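The structure appears right after this line, and notes come after that.
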Amino acid sequence: MEQRIDIDWTACEGHGLCAELLPERITLDEWGYPLVEGTPVPTGTIKRARRAASDCPALALKLRVRQPT
Amino acid sequence: MTMTFPDVYMSPRLLAPGGAPADLPTHEQRYGALPYGDPDALLRTVAESGLTGRGGAAFPVYRKLVSVAEAGRRTGRSPVVVANGAEGEPASRKDRTLLQLSPHLVLDGIQVAAAVTGAKEAHLAVEDGASYLESALAHRRDPVPVKVLRLSKRFLSGQSSALVQYVGGGAALPTYKSPPVRERGVNRAPTLVQNVETLAHLALVARYGADWFRSAGTPAQPGSALCTVHVPGREVRVVEAPFGMPLARLVPLHGMSAVLVGGYHGTWVPVAEAAQLGLDAANMGAGVLAALPADRCGLAETARVLRYLALQSAGQCGPCLNGLPRIAAAFRTLAAPGPQGTTRDDVARWAGLVEGRGACHHPDGTVRLVRSALTTFATELDIHASGLCTATDAAPLLPIPEEN
Ligand SMILES: Cc1cc2nc3c(=O)[nH]c(=O)nc-3n(C[C@H](O)[C@H](O)[C@H](O)COP(=O)(O)O)c2cc1C
Ligand code: SF4
Ligand code: SF4
Numbered sequence: 001m002e003q004r005i006d007i008d009w010t011a012c013e014g015h016g017l018c019a020e021l022l023p024e025r026i027t028l029d030e031w032g033y034p035l036v037e038g039t040p041v042p043t044g045t046i047k048r049a050r051r052a053a054s055d056c057p058a059l060a061l062k063l064r065v066r067q068p069t
Numbered sequence: 070m071t072m073t074f075p076d077v078y079m080s081p082r083l084l085a086p087g088g089a090p091a092d093l094p095t096h097e098q099r100y101g102a103l104p105y106g107d108p109d110a111l112l113r114t115v116a117e118s119g120l121t122g123r124g125g126a127a128f129p130v131y132r133k134l135v136s137v138a139e140a141g142r143r144t145g146r147s148p149v150v151v152a153n154g155a156e157g158e159p160a161s162r163k164d165r166t167l168l169q170l171s172p173h174l175v176l177d178g179i180q181v182a183a184a185v186t187g188a189k190e191a192h193l194a195v196e197d198g199a200s201y202l203e204s205a206l207a208h209r210r211d212p213v214p215v216k217v218l219r220l221s222k223r224f225l226s227g228q229s230s231a232l233v234q235y236v237g238g239g240a241a242l243p244t245y246k247s248p249p250v251r252e253r254g255v256n257r258a259p260t261l262v263q264n265v266e267t268l269a270h271l272a273l274v275a276r277y278g279a280d281w282f283r284s285a286g287t288p289a290q291p292g293s294a295l296c297t298v299h300v301p302g303r304e305v306r307v308v309e310a311p312f313g314m315p316l317a318r319l320v321p322l323h324g325m326s327a328v329l330v331g332g333y334h335g336t337w338v339p340v341a342e343a344a345q346l347g348l349d350a351a352n353m354g355a356g357v358l359a360a361l362p363a364d365r366c367g368l369a370e371t372a373r374v375l376r377y378l379a380l381q382s383a384g385q386c387g388p389c390l391n392g393l394p395r396i397a398a399a400f401r402t403l404a405a406p407g408p409q410g411t412t413r414d415d416v417a418r419w420a421g422l423v424e425g426r427g428a429c430h431h432p433d434g435t436v437r438l439v440r441s442a443l444t445t446f447a448t449e450l451d452i453h454a455s456g457l458c459t460a461t462d463a464a465p466l467l468p469i470p471e472e473n
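Chains as they are written, first to last, in my numbering: chain R, 1 to 69; chain V, 70 to 473.
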């Protein structure tokens with residue numbers, strides 16, 4: 001199943017750790033909040049994406065099968 | 070008091086004629102008793118009717134009813150119905166007018182929605198008029214009990230996840246919803262959040278069927294919608310109009326420079342373009358139409374609205390918290406004649422940064438307004454940059470709560 005990175009914006013504190021762990025998919029905006037590549041995460045990156053999710057200090061980064069509507 | 074002249078545009082479906090509130094006997098005399106048929110047949114009728122939500126997003130009602138009913142069956146939890154009468158949009162008056170004039174039509178719609186989804190619990194959330202609605206409820210013998218909830222006056226109170234939180238005893242703030250409210254809402258039960266006007270239409274679809282419903286509007290957008298019409302110097306009016314009706318018949322365009330279509334999350338449309346448009350579910354939001362006279366400054370009006378929208382942000386999400394106040398402050402600069410520096414580029418960049426990056430669509434709606442103002446008032450922007458302003462009347466126009 002295709003997984004995408006999703007941010008719980010109410011929880012994200014702009015620590016920016018995710019951008020260090022997944023630089024090819026996440027950069028930071030001018031206020032320090034993540035700008036996420038919205039396309040499905042390639043299989044080879046899934047493991048590190050999971051790591052970024054579990055390491056996010058605010059538990060704001062989620063790997064989801066589809067976007068909430 | 071809001072005036073209603075529904076019959077000018079079509080024989081009114083929703084609003085009690087004559088501007089007098091309809092009590093239960095009057096209501097039943099006018100519409101007949103509410104039939105409780107087979108839920109599946111009713112669901113098919115709703116699908117055929119093409120009814121969409123009237124709270125702003127025009128989402129197909131049938132699809133939401135099906136998801137909630139299915140989530141109820143799957144989880145074994147009875148769904149909850151939440152009738153959204155928050156009407157947080159300051160320029161909208163259609164929901165409170167509907168609840169005032171035809172409360173029983175909305176209450177019928179709640180029962181229909183409960184029957185179709187299998188809900189055993191229902192809530193009606195309003196900002197004012199709660200005791201009036203409670204006494205209307207007391208006259209009825211409804212299969213599913215309805216509780217009336219009082220909301221505080223905030224732009225965000227009616228956002229679906231905020232409402233669901235509030236009904237469950239929490240603060241009326243948007244939350245990150247995954248799975249969505251229709252699967253896990255009030256106290257984790259599958260929840261149907263539907264605008265009160267949508268429910269009133271639903272009550273009529275249940276009575277008179279899909280063909281009747283489709284006899285107004287266009288094949289692609291069947292039915293009618295309540296609109297709140299603002300024309301300077303006239304009383305604010307709530308009218309019911311079929312989709313496809315020329316905007317020019319709803320709002321006088323003579324002497325105007327632009328029309329705000331869809332309220333504070335909507336779009337400014339230049340008057341020449343508005344003259345070509347019909348009432349369209351895709352851009353009318355919750356039905357606000359406001360005419361801007363040629364002697365007023367659209368940039369100044371937008372700046373006032375943006376200041377309000379930025380203050381109404383729940384401040385929970387980084388991009389919204391950082392971006393909206395900056396955009397609002399920049400627009401204040403653009404609204405005054407004088408040098409603009411990089412302000413226009415800043416606004417465009419910040420608009421891109423807040424869009425789609427929040428727990429709710431407040432940033433997205435705000436960006437829609439911003440972008441439409443930048444294009445519709447492009448000439449005025451240039452005039453302001455050269456230190457001039459063509460507007461001759463600086464009196465504020467659009468309603469902003471508690472502005473000082
Ligand atoms: C910031 C924000 C404010 C909203 N306020 C309202 C409101 O006051 N009333 C309303 O019916 N819907 C409001 N909505 C839309 C609701 O989230 C929801 O989509 C709607 O009530 C669903 O009903 P409908 O499908 O019948 O339109 C708001 C949405 C957002 C993003
Ligand atoms: S690590 Fe978590 S809290 Fe920090 S910016 Fe990334 S998502 Fe936000
Ligand atoms: S996007 Fe803005 S208004 Fe919506 S929940 Fe986040 S901070 Fe609040």
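Heads up, the beta-carbon is just placed ideally off N, CA and C, and yes, glycines get one too.
All values reported here derive from a predicted model rather than from experimental measurement.
- The C-alpha of residue 440 of chain V lies about 11 Å from the C-alpha of residue 396 of chain V.
- Among the residues of the segment 368-396 of chain V, those with a Cβ less than 9 Å away from any Cβ of chain R are 383, 385, 386, 387, 388, 389, 390, 391 and 392, in the order of the chain.
- Between ligand 3 and the CB of residue 281 of chain V, the shortest heavy atom gap is not smaller than 7 Å.
- Taking a cut-off of 8 Å for Cβ pairs, the segment 121-133 of chain V and the segment 350-367 of chain V touch, as three or more such pairs fall below it.
- Residue 365 of chain V counts as buried, since at least 16 other C-beta atoms from the protein chains shown sit within 10 angstroms of its C-beta.
- Interface annotation for the segment 5-28 of chain R against chain V: 6, 7, 8, 9, 10, 11, 12, 13 and 14, criterion Cβ-Cβ distance under 9 Å.
- In terms of Cβ geometry, residue 387 of chain V and residue 9 of chain R form a close pair [threshold 8 Å].
- With respect to the 8 Å criterion, residue 429 of chain V and residue 243 of chain V are classified as neighbours on the basis of their beta carbons.
- Taking 8 Å as the cut-off, the beta carbon of residue 220 of chain V is found closer than this to the beta carbon of residue 194 of chain V.
- Here the distance from the Cβ of residue 388 of chain V to the nearest heavy atom of ligand 2 is not below 7 Å.
- Around the Cβ of residue 80 of chain V, a 10 Å sphere holds fewer than 16 other Cβ atoms; the residue is exposed.
- The beta-carbon distance between residue 431 of chain V and residue 382 of chain V, rounded to whole angstroms, is 6 Å. This is short enough to meet the 8 Å contact definition.
- Across the segment 237-249 of chain V, CB contacts with chain R closer than 9 Å involve 242, 243, 244, 245, 246, 247, 248 and 249, in sequence order along the chain.
- Residue-level contact check: residue 48 of chain R does not touch chain V, since none of the beta carbons of chain V fall below 8 Å from its beta carbon.
- Remark: the shortest separation between the CB of residue 155 of chain V and any heavy atom of ligand 1 falls under 7 Å.
- Inter-segment contact for the segment 262-273 of chain V and the segment 168-186 of chain V is present: three or more beta-carbon pairs are separated by less than 8 Å.
- At the C-beta level, residue 255 of chain V and residue 374 of chain V stay beyond 8 Å of one another.
- In this structure, DSSP gives residue 116 of chain V a helical state, which the three-state scheme calls helix.
- According to DSSP, residue pairing for residue 452 of chain V in a beta bridge does not occur.
- By a beta-carbon distance limit of 8 Å, residue 320 of chain V does not contact residue 153 of chain V. Their separation comes to about 26 Å.
- Counting only runs of 4+ residues, the alpha helix (DSSP H) found wholly inside the segment 398-429 of chain V occupies 412-423, in chain order.
- In this structure, residue 431 of chain V has its CB closer than 7 Å to one or more heavy atoms of ligand 1.
- Taking non-hydrogen atoms of ligand 2 into account, the C-beta of residue 61 of chain R is found less than 7 Å away from one of them.
- In this structure the segment 51-60 of chain R touches the segment 16-34 of chain R; the number of beta carbon pairs closer than 8 Å is three or more.
- Taking 8 Å as the cut-off, the beta carbon of residue 3 of chain R is found closer than this to the beta carbon of residue 63 of chain R.
- The beta carbons of residue 304 of chain V and residue 83 of chain V sit no closer together than 8 Å.
- From the beta-carbon of residue 422 of chain V, the residues of chain R found nearer than 7 Å are 29.
- Taken in chain order, the complete beta strand (DSSP E) segments of 3 residues or longer contained in the segment 345-390 of chain V are 357-362.
- Secondary structure at residue 164 of chain V: helix, using DSSP grouped into helix, strand and coil.
- DSSP places residue 173 of chain V in the uninterrupted alpha helix (DSSP H) bounded by 172-186.
- Using a Cβ distance threshold of 8 Å, residue 276 of chain V and residue 427 of chain V do not count as a contacting pair.
- In chain order, 297, 299, 332, 333, 357, 359, 467 and 468 place their CB closer than 7 Å to the CB of residue 160 of chain V, counting only its own chain and leaving out the 5 sequence neighbours on each side.
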